[in-house]
Structures are given as structure tokens and as C-alpha cells.
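Residue 2 is where the sequence shown starts when you use the working numbering, and the numbers rise one by one after that. Note that CB positions come from ideal geometry on N, CA and C, so glycine has one too. Just below is one structure, and these are the notes that go with it.
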Amino acid sequence: MFWEENKVMVDKYEKILKDFSAPRMAVYKNLLKSECGYKEATNEQFYNLYSWSELLNSYFWRCLARVETILRNRINDVLVAKIGSDWVFPKESDFLQISFRKKGNEAIEKALSNITKADLRPNNGRIVAELTMGFWVNFTEIRFLHKDSYKKDHRIGWEYFISDIFPGYTYPNDKPSEEYQRRFWLKEGNIKDNLVSKLIFLNILRNRIAHHEHTFKERNEFSKGLSDGFLTNIQRNYLNVLEVFRWLSPEQCDLYQRSHFHYYANYLMSKEGFDYHVLSKRKDMKIDDFTEIAMSSMDDSNLLRERVIHVVDKNDFPIGVFVPFFESQK
């Protein structure tokens, strides 16, 4: 009887993995067998890894969505204040011409097309909402081409807007000269704190998640030469997202780091979270035991700050997960 039930389970996971395609699952199988050293990993564990990756991506997505929303609104606010709400319509004034370059022009044309197809009138708000994150992370490609007669007293450049767009950003050195700012923004030289590069990397993460791909192997240009494990790499990627988040809005990033989403994301990226969700190394707690600890914590709250607790009923059926809140990591 046990053999028959076990065979049914094996067949079930084989069928499920076929739905994901062999090339897609090869990455997950290689991670468990080669990088993690589980030569005898099962189809169930491959499926668990895929599910863990999906769950982790959903927490990355929530944080990235905040970054994308703030970034586009902040850049738009800056340009509206300096140029006017019609900056999204390429035109030439008496003293200034805005250049979006090829990709930028294509993005705006696509946005205009989507709006007109919906029988709506194009305006600043609708166009800004239609533009993808790829447009905004390359915002320094928007160039201000000044007329010679007006340039001297009315010059506009991104170096003047850094503090308005990223109020939480601090310069990599103590001498933020105009020349250094220009090198920083245009990604020149071996500058290890390049915001544009990190924005582009965040967009890569976003797009991979949107296309239901894993992100545990993604590295930016600052971590490609490192040989640390995939969990460390994921944790670093998450910190990169939080770093840009804090540059955009220190206040909102602080609030986010005091939320369930932040704490549970950190748990999922930990070895404990990986072992539980992927390798089924379960350390569940019966609801009666959890209730006892919860009652005792009324006198000592530290009793509930020691670890994440997976609560199950008397039949070992999952009820929920308790995630302790600690002080925000900054």
C-alpha cells in the first residue's frame, strides 16, 4: 500500500515538472545537484525549489514596484517643475530642445499609441503611467539641448536634479564636484557606486520576475566576479533594491523595513527558510504549544522574537506562519 501511494506521488511530480519544460527546470535541478550538493535530489524538491523561487520573487516584486512608482513620479515632478507638464511631448522651444534618443522616442510613441487606441486623450499623467521602468531607469538618456544664446544663464543638466530625485543619496566621496557628478551619472570609469548601473540591474530583476524566471543567479556588474553562494547573492540583490529605495525615499523605505513583507523576505532568503521550503526540513509547532508561548510572551515578548514559527494543527496541517518583527536593518 505504501509503495503504491509513493509511486503515485512520484508520478505526480514528474507530470508537474513536464509542464515547466526541461530547459526551464534544468537550472533548478543543476542548483540542487551541483551547487547545493544534493546528488539524490527528488522531483518533489525540484518542484519545491521552483515554488520557493516564485514566492521569493513575489516579495522582490512588491519592493521593486515601490521603487518603480516613486522613480517615475519623482522624475516627472522634477521635469514638470523645470519645463512644464508637456515635457513628454517632444518639441523644440526658443531655448531648449529635449532629446529622448532612439529608445526613449520609441517608448513614448508606444505609450501614445496605447492611449489613443483606448480612445483617450494623451496627457502627462497618462503618458507617464504608460512608460515602462526601462524608460525611467535610463532617464539620464533624456538630454537637454540648449540654444547657444540661452545656455549660459539657463543651463539644465541632471547634476542639478540629483538631490530632488534621490534625497536619500549620498556621494561615494567627500568631493562631489561637477566633474565627478558627470562621471557618476554617465557610468564612466571604474566607479563602484554607480546609481544608473544599479537602476538598470533592478529593471533586469523586474523583467525576469515579470516573465516568471528565477533571479537567484542574477548578478550585477559589481558582483559578477564574486564566487559566493546563491543565497548570499540573493541577499545582496535584495539589499541593492533597498539601497535604491532608500535613495529615493528614506521615509518610505524605513516604513517598508518595518513591515511583514521585509521580515518574511529575509526569512525566505535565509538557510533556514530555504531548508524548510525546498528540502522539507520541517520544524513545525503544534498550535497548542504556540498558544502557550504566545500567552507566556505577554510577560516576556522576547519569547516570540527567537525564530519564525510554522504552526500546524493536531493533524500536522499548516495553519499559518508567525514572523517576528525585529528592529529594521539599515
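How many Å lie between L200 and V245 at the Cα? 8 angstroms
Between the C-alpha atoms of R127 and L72, what's the straight-line distance to the nearest angstrom? 16 angstroms
Can you give me the Cβ contacts of V242 inside the same chain, cut-off strictly under 8 angstroms, excluding the 5 residues immediately before and after it? F61, C64, L65, V68, L203, L206
Can you give me the start and stop residues for the beta strand (DSSP E) that M286 sits inside? 285–287
Quick check: the Cα distance between R25 and P319, rounded to an integer number of angstroms? 29 angstroms
Per the DSSP calculation, P123 is bridged to which residue(s)? Paired residues: none, contrary to the question.
Three-state secondary structure (DSSP) at Q182? Here the model assigns Q182 a pLDDT of 46, short of 50, so the residue's position is not dependable, and the following value carries that caveat. Residue state, collapsed to three classes: helix.
Evaluate contact between the segment 14–29 and the segment 255–269, counting only Cβ atoms and requiring at least three cross-stretch pairs below 8 angstroms. no
Can the beta-carbon of S224 be found less than 8 angstroms from the beta-carbon of N208? no
Which of the three DSSP states is assigned to L342 in this structure? Nothing can be reported for residue 342: it is not among the residues displayed for the chain, which extend from 2 to 331.
Candidates Q98, L57, L304, of which the one nearest F145 by Cα: Q98
Best match in L18, N74, N77 for proximity to S52 [C-alpha to C-alpha]: L18
Where H147 sits in the DSSP three-state scheme: strand
For F21, tell me which candidate among S35, E41, D12, Y48 has the shortest Cα-Cα distance. Y48
Looking only at its own chain, which residues have a Cβ that is under 8 angstroms from the Cβ of S198, when we skip the five neighbours before and after it? K188, N221, E222, F223
From what residue to what residue does the beta strand (DSSP E) around H311 run? 310–313
Which class does G321 belong to by DSSP, given the choice of helix, strand or coil? strand
Pick from S302, M296, D289, D300 that is closest to H311, judged by C-alpha positions: D289
Kindly list the residues whose CB is nearer than 7 angstroms to the CB of L232, restricted to its own chain and excluding five residues on each side of it in sequence; keep chain order. M270, K272, F275
As an exercise, report each continuous alpha helix (DSSP H) stretch of at least 4 residues that is fully enclosed by the segment 187–252, in chain order. 196–211, 231–249
Member of L50, S35, K13, S298 whose CA lies at the smallest distance from the CA of E214: L50
From which residue to which residue does the alpha helix (DSSP H) around E45 run? 44–83
Where does the unbroken alpha helix (DSSP H) through L113 begin, and where does it stop? 102–118
Assuming R75 contacts G169 (C-beta within less than 8 angstroms), just tell me the rounded distance between them. Not really, about 11 angstroms apart at Cβ, beyond 8 angstroms.
In terms of residue numbering, what span does the alpha helix (DSSP H) encompassing R25 cover? 23–31
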